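In terms of my numbering, the sequence shown opens at residue 111 and continues consecutively.
Idealized CB from N, CA, C, for every residue including glycine.
Predicted model, so just to flag it, every value in this text is computed and none were measured.
Below is one structure, written out as C-alpha cells; the observations come after it.
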Amino acid sequence: MGFMTEHHPHFLANRHDYVPAAGHDALLPGYDLLTRVLGMNQVYDALVAQAGLSAGQRVVEIGCGTGNLTVRAKAACPGAEIVGTDPDPRALRRAERKAKSLAGVRFERAYAQELPFDDGEFDTALSSMMLHHLDETTQAAALCELFRVLKPGARAHIVDVRGDALPRLLRAAGFDCATAGSGRLRLAGQVTRFRATRPV
Ligand SMILES: C[S@@+](CC[C@H](N)C(=O)[O-])C[C@H]1O[C@@H](n2cnc3c(N)ncnc32)[C@H](O)[C@@H]1O
111 MGFMTEHHPH
121 FLANRHDYVP
131 AAGHDALLPG
141 YDLLTRVLGM
151 NQVYDALVAQ
161 AGLSAGQRVV
171 EIGCGTGNLT
181 VRAKAACPGA
191 EIVGTDPDPR
201 ALRRAERKAK
211 SLAGVRFERA
221 YAQELPFDDG
231 EFDTALSSMM
241 LHHLDETTQA
251 AALCELFRVL
261 KPGARAHIVD
271 VRGDALPRLL
281 RAAGFDCATA
291 GSGRLRLAGQ
301 VTRFRATRPV
C-alpha cells in the first residue's frame with residue numbers, strides 16, 4: 111500500500127513498471143497478514159455491500175493483488191462471474207491459489223490503463239487500494255478504461271487512501287461520481303469509498 115511504497119532504501123528499489131502490493135516483491139508473502147492487521151477486511155466488506163452484486167453479473171476488479179476482495183465478492187454473490195486483474199504475476203499466483211475451489215472466478219494479468227476487454231463487457235467494476243499506486247496521468251487513463259469496459263448504466267465501486275483527486279478524475283472520464291462512505295484504517299489513515307456510474 112502507498113504508505114509502504116515510497117522512499118524505499120536502495121535494496122528495496124522496484125524492478126517493475128508497477129508498484130507491487132506491499133511495495134516490493136520480497137514483502138508480498140506478508141501482504142495478506144498486513145491487510146488483516148490494518149483492518150482491511152471491513153473495508154472489503156463495505157465495498158462489496160456497496161456494490162450489491164447480483165447473480166449473473168459480470169464483474170471486473172482492477173488491481174486485485176492477492177485476490178482478497180475478489181474472493182470476498184464471490185462469497186457474497188456466488189452467482190456473479192468475476193475477473194480479477196493485476197500486472198503482478200506473483201500476486202496473481204497467490205490469488206489463483208486462494209480462489210482455486212471457486213467456479214466463476216478467474217484472474218488475468220493486465221494494467222488498469224490498458225484493459226484487455228471489449229467495450230461494455232462488465233456490469234460492475236471493483237477497485238481497492240490500487241489507484242494511489244498510479245501517477246495522476248495513469249489514474250486518468252485507468253478510469254477512462256474502466257468507463258470503456260462498463261456497460262452504460264453500470265457502476266464502479268472504488269475505495270482508496272488519498273482519494274482527493276478521484277471525483278475530478280472520475281468526472282473527467284465521463285462518470286457520475288458520488289462519495290459513498292469513509293473510514294479510518296490503522297496506520298494507513300482515511301479511506302474513502304466512491305460510487306461511479308457510467309451514464310446511460
Ligand atoms: C495495495 S495493492 C491492493 C491489492 C488489492 N486490491 C487489495 O485491496 O488487497 C495495489 C495493487 O495494485 C497493483 N497495481 C499497480 N499498478 C497497477 C496498474 N497500473 N494497473 C493495475 N494494478 C496495478 C499492484 O500490483 C497491487 O497488487
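Own chain residues within Cβ distance below 8 Å of T176, not counting five before or after: For T176, where only same-chain residues beyond five positions count, the Cβ hits under 8 Å are A131, L138, Y141, D142, A201, R204, A205 and K208.
Beta bridge counterpart(s) of R272 as assigned by DSSP: In the DSSP assignment, no residue is bridged to R272.
Roughly how many whole angstroms lie between the Cα atoms of P197 and F285? When rounded, the distance between both Cα atoms is 24 Å.
A290: first and last residue of the uninterrupted alpha helix (DSSP H) it sits in: Unbroken run through A290 is the beta strand (DSSP E), D286 to L295; no alpha helix (DSSP H).
Please report the distance separating the alpha-carbon of K261 from that of D233. Distance between the alpha carbons of K261 and D233 is about 6 Å.
When DSSP labels each residue in this structure, what does D228 get in the three-state scheme? Three-state result, D228: coil.
Counted within 10 angstroms of its Cβ, other Cβ atoms place R294 as buried (16 or more) or exposed: By the 10 Å Cβ count, R294 comes out exposed.
Taking only beta-carbon atoms, is A136 less than 8 Å away from chain C? The chain labelled as chain C is not found in the depicted structure, where only one protein chain is given.
Let me know if K210 comes out buried or exposed under the rule of 16 or more other beta-carbons within 10 Å of its beta-carbon. Result: exposed.
Could you please give me the residues that DSSP links to R303 through a beta bridge? DSSP output for R303 lists V269 and G291 as bridge partner(s).
Rounded to a whole number of angstroms, what is the C-alpha to C-alpha distance between G133 and A159? Taking the straight line from one Cα to the other gives about 28 Å.
Tell me whether the segment 294-305 and the segment 254-271 touch, counting them as touching only if at least three CB pairs, one residue from each stretch, are closer than 8 Å. A contact exists between the segment 294-305 and the segment 254-271.
Cutting at 7 Å between CB atoms, please list the residues of its own chain near E116, excluding the five before and the five after it. Because the pLDDT at E116 is just 45, under 50, the model does not fix this residue reliably, and the point stays unresolved.
Straight-line gap, C287 to R281 (C-alpha atoms, nearest Å): Cα to Cα, the separation comes out at about 6 Å.
Tell me whether T140, by its Cβ, gets closer than 7 Å to a heavy atom of ligand 1. The sequence given here places Gly at residue 140; Thr does not occur at that position. In terms of side-chain proximity, the C-beta atom of G140 is found no nearer than 7 Å to any non-hydrogen atom of ligand 1.
Simplified DSSP state of Y128, which is helix, strand or coil: Residue state for Y128 is assigned as coil, using DSSP reduced to three classes.
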